[in-house]
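Per this note's numbering, the sequence shown starts with residue 10, numbered consecutively. Yeah, the Cβ is synthetic: ideal placement off N, Cα and C, and Gly gets one too. Since the structure is predicted, the reported quantities are computational estimates derived from the model, not experimental observations.
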Amino acid sequence: MSRDIWNGADQGDGVPLVPLYVLVNGRTSPRTAGLDLATQVIALKADTGGLEPEYDAIVKRCQTWISIAEISSYLKYPLTLTRILVDVLLERQFLAVGSPAQETIVDRGILEKILVRLKSL
Numbered sequence: 010m011s012r013d014i015w016n017g018a019d020q021g022d023g024v025p026l027v028p029l030y031v032l033v034n035g036r037t038s039p040r041t042a043g044l045d046l047a048t049q050v051i052a053l054k055a056d057t058g059g060l061e062p063e064y065d066a067i068v069k070r071c072q073t074w075i076s077i078a079e080i081s082s083y084l085k086y087p088l089t090l091t092r093i094l095v096d097v098l099l100e101r102q103f104l105a106v107g108s109p110a111q112e113t114i115v116d117r118g119i120l121e122k123i124l125v126r127l128k129s130l
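Written out as structure tokens, the structure is:
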């Protein structure tokens with residue numbers, strides 16, 4: 010049986026050198042109430058030059074509306090940890106929470122007419 014010895018060189022397999030929980034200072038849950046895996050987030054315009062690579066990867070992935078679960082899947086981060094990383098980015102105002110539908114409602118009057126018609130059925 011042979012033993013593999015790490016020689017200190019990064020083999021480029023995508024494994025972070027620092028455990029991800031160090032990035033969140035050991036936090037075990039997000040501070041933002043109601044932040045679940047289906048929560049939609051989007052990147053805000055901000056300078057990301059000083060962000061750690063893991064945070065920067067999240068901000069780059071959030072150029073359009075995306076759920077926390079999707080971020081976790083794309084970046085291969087654990088779900089719970091992704092929620093906390095997103096929460097930190099929300100606190101630091103790199104991301105915003107919302108819904109894509111918030112941007113697409115142009116005329117409230119149309120929605121009210123639809124509601125009236127549905128009630129008349």
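Buried versus exposed, by CB contacts within 10 Å (16 or more), residue i
i: Tyr86; result: buried
i: Arg126; result: exposed
i: Leu104; result: buried
i: Ser82; result: exposed
i: Ala55; result: exposed
i: Ile80; result: buried
i: Leu130; result: exposed
i: Leu124; result: exposed
i: Thr48; result: buried
i: Leu1; result: The chain is shown only over 10 to 130; residue 1 falls outside these bounds and no answer can be derived.
i: Thr91; result: buried
i: Ile67; result: buried
i: Ile75; result: buried
Which of helix, strand or coil DSSP assigns to residue i
i: Ser11; result: Because the pLDDT of Ser11 is 48, which lies under 50, any placement of that residue in the model is unreliable, and the number read from its coordinates should be weighed accordingly. The answer is coil: DSSP assigns Ser11 none of H, G, I, E or B.
i: Leu8; result: Here the chain has residues from 10 to 130 only, and residue 8 is not among them.
i: Gly107; result: strand
i: Ala52; result: strand
i: Ile119; result: helix
i: Lys128; result: helix
i: Gly21; result: For Gly21, the predicted model reports a pLDDT of 49, less than 50, meaning its position is unreliable and no value from the coordinates is stated.
i: Arg210; result: One cannot answer for residue 210 here, as it falls past the ends of the chain, which runs 10 to 130.
i: Leu84; result: helix
Check whether residue i and residue j have beta carbons under 8 Å apart
i: Val97; j: Val50; result: no
i: Leu212; j: Ile93; result: The structure shown does not extend to residue 212, since the chain is modelled only from 10 through 130, so no value can be given for it.
i: Leu84; j: Arg70; result: yes
i: Thr73; j: Asp65; result: no
Residues sharing a beta bridge with residue i, DSSP
i: Ile75; result: Val50
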